[in-house]
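The structure under discussion appears below in the form of structure tokens.
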Amino acid sequence: MKSYEVAVLPGDGIGVEVTAVALDMLKTLGPKIDRHFNTVIHPAGAQHYLDSGDALPASTLDACKKADAILFGAMGLPHVRGADGTEIIPQLDLRFALDLYAGVRPIRTWPGLPVPLSSPRAAEIDMVLVRENTEGLFYSRGRGYVEGTGSEAAAFDQMKITHAGTSRICDFALKLARSRKSLGKKGHVTSVDKANVFASMAFWRQVFEERAEAFKDITIEHAYVDAMALNLVMKPWQYDVLVTENMFGDILSDLIAALVGGMGMAPSADIGDQYAVFQPSHGTAPDIAGQGIANPSAMFLSAAMMLEWLSLRHQDPILLKGARMIEQALEKAFQEGDVLPYDFGGRSDTAAVARAVMARL
Ligand code: ATP
32 MKSYEVAVLP GDGIGVEVTA VALDMLKTLG PKIDRHFNTV IHPAGAQHYL
82 DSGDALPAST LDACKKADAI LFGAMGLPHV RGADGTEIIP QLDLRFALDL
132 YAGVRPIRTW PGLPVPLSSP RAAEIDMVLV RENTEGLFYS RGRGYVEGTG
182 SEAAAFDQMK ITHAGTSRIC DFALKLARSR KSLGKKGHVT SVDKANVFAS
232 MAFWRQVFEE RAEAFKDITI EHAYVDAMAL NLVMKPWQYD VLVTENMFGD
282 ILSDLIAALV GGMGMAPSAD IGDQYAVFQP SHGTAPDIAG QGIANPSAMF
332 LSAAMMLEWL SLRHQDPILL KGARMIEQAL EKAFQEGDVL PYDFGGRSDT
382 AAVARAVMAR L
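Below is the structure:
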């Protein structure tokens, strides 16, 4: 039986809880598609930092590089911070170390689950946000500084937008729109910037236009990030693929997750040319960690994205079928009314959602 090596980093908080059921789910799925997933757990995270002084051990990073794919829970705890006051967030180190430049965050409405918007058109929400992951304002992480003291003090963080970095993320988004178009979706990319104020963002816009020249089959538009925040709430159904710099992407991906019911339904992939990490968009959710009530759907859908990526990379179509099986099992579980997770006001805990999905697999 064909086997894939998966490095698994459960991390902290609910990351550990949703990872455990995702591994059960992969174990159930494997034999049904005649594939084996050799999942090996590795330490990393804020708790590991407290225990060992190292948030992302070299041995874990090494194992990630050797594996076929990386499945990641969530990392970070509010009380675990570095000397500069920022949280210990090894997932950001992983993104930079493996050059995972494309943060891919798909969301869609799920029949059977309530959504916050009252318009019937909310049923049509289906979009992917593509976030540049390696530069933008996050370039300043670990480089920011404070000058002066007392009332004279001022803090500085810098935004970095390069031609190469912007080109590759715009190409990624345009290609994604092309492949979605082949599945009957809109084939439309909205580039989100703040080109009316910042030189870096006017530069981003120019590079996006350059790259789009090679994608005449894809329709494009520009949007300012503030207007985008408004339109994503007023008429989210009109969007297909969004592409934006790191910080705007960080913020807007939480906003779009809310459109379909919250972080529990928002998967993600951080993809580079060589490596890819698959993880739910949510964090460690300290407010609900340890209660067994986290919604594992975002994690299941991230595992489905992993199978889709592996399928393309290894020309192994059965894995794409596996990805669809996970999505369909989840959809059926919601549609048939068996489960309603806590974040939707229901009483289905992590184990109950997992059981419902595995029963349908
Ligand atoms: P980070 O900064 O690490 O991304 P965050 O501050 O955005 O984290 P999250 O940990 O994602 O915060 O949690 C945001 C809110 O969403 C919390 O109220 C949390 O309980 C809820 N939440 C997140 N993930 C889930 C989930 N899988 N199931 C249920 N609720 C969730």
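Everything in the sequence shown is counted per the working numbering, starting at 32 for the first residue and increasing by one.
Backbone N, C-alpha and C define an ideal beta-carbon position, used for all residues, glycine too.
Given the structure is predicted, the values throughout are model-derived calculations rather than measurements.
Residue of the options minimising C-alpha distance to residue i
i	options	result
M158	N69, A53, I138	I138
G175	K33, A114, K216	A114
R152	F239, W268, K352, S284	W268
V146	T250, M259, L290, V111	L290
E240	D257, A204, S213	A204
A335	D43, G61, A185, G42	G61
G368	T381, V71, L144	L144
F169	F279, G303, V388	F279
G167	T50, D188, L332	D188
R172	I120, D130, S198, T197	I120
I357	L332, W340, L341	L332
V52	M337, S328, V256	S328
A128	R136, M232, H67, K96	K96
E339	A300, H313, Y373, I319	A300
D257	P372, S222, R66	S222
H452	D374, G353, Y373, A360	The question about residue 452 has no answer, for the chain in this structure spans 32 to 392.
A89	R242, P298, D124, I45	D124
R242	D202, K191, F309, A133	D202
I319	D374, T275, Q359, P298	D374
L160	M56, L351, R211	R211
Q359	H345, V388, M337	V388
V238	D248, Y255, I200	I200
D271	V220, G323, L283	V220
Residue i to residue j span [Cα, whole Å]
i	j	result
D393	Y35	Absent from the model: residue 393. The displayed extent of the chain is 32 to 392, so no value can be given.
H73	G293	28 Å
D82	A94	20 Å
M265	L40	37 Å
L87	A307	16 Å
I156	P317	29 Å
G376	V370	11 Å
M296	N326	8 Å
F234	D285	26 Å
R386	T59	11 Å
L393	T315	This structure gives no information on residue 393, because the portion of the chain shown stretches from 32 to 392.
R355	F365	15 Å
N227	L207	27 Å
E163	L273	11 Å
Q305	G179	43 Å
I251	A38	37 Å
T381	F103	17 Å
M259	R236	15 Å
N262	E244	26 Å
N277	A105	18 Å
G76	D281	20 Å
T185	P372	For the sequence presented, residue 185 should be read as Ala rather than Thr. Cα to Cα, the separation comes out at about 45 Å.
I45	T197	33 Å
V49	S312	12 Å
A98	S149	44 Å
Residues that residue i bridges to, as DSSP identifies them
i	result
V47	Its beta-bridge partners do not exist; DSSP assigns none.
G181	The partner list for G181 (beta bridge, DSSP) is empty, contrary to what the question assumes.
N277	In the DSSP output, where bridge partners are listed per residue, N277 has none listed.
G167	K191
P137	V159
N69	E36
F103	L40
T117	Answer by DSSP bridge pairing: none, since T117 is not bridged.
S299	Q310
R112	E118
S222	H253, V274
Neighbour-count burial assignment, residue i, 16 or more Cβ in a 10 Å radius
i	result
H79	buried
I349	exposed
K63	exposed
R378	exposed
A288	buried
G84	exposed
A390	exposed
A195	exposed
N69	exposed
M32	exposed
P142	exposed
P109	exposed
T165	buried
D224	buried
T117	exposed
D43	buried
V177	exposed
L343	exposed
V71	exposed
A230	exposed
G218	buried
Heavy atom of the ligand PLP within 6 Å of residue i beta-carbon
i	result
I119	Ligands in the displayed structure: the ligand ATP; the ligand PLP is not one of them.
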